[in-house]
Amino acid sequence: MGHRRILTGEQIAQLFDPPTDRRGIIRHYTLSAADLAMIRRGRGDHHRLG
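Residue numbers for the sequence shown follow this note's numbering, beginning at 14 and rising by one.
If you want it as structure tokens, here you go:
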């Protein structure tokens with residue numbers, strides 16, 4: 014059976030070579046309003062540890 018590649022070379026580079034410029038870091042690592050809303054909906058006592 015042959016080896017199948019799931020990701021392209023460009024996709025692999027994006028995963029393992031994260032942005033280092035300020036704009037790229039902000040774009041990739043800042044949560045949007047929609048992200049924060051989804052997080053808030055999932056919060057609750059049933060998700061707390063201890």
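Backbone N, C-alpha and C define an ideal beta-carbon position, used for all residues, glycine too.
- The alpha-carbon separation between residue 21 and residue 44 amounts to approximately 26 Å.
- In the three-state reduction of the DSSP assignment, residue 19 falls in the coil class, being assigned neither a helical nor a strand state.
- In the structure shown, residue 57 adopts coil according to DSSP, grouped into three states.
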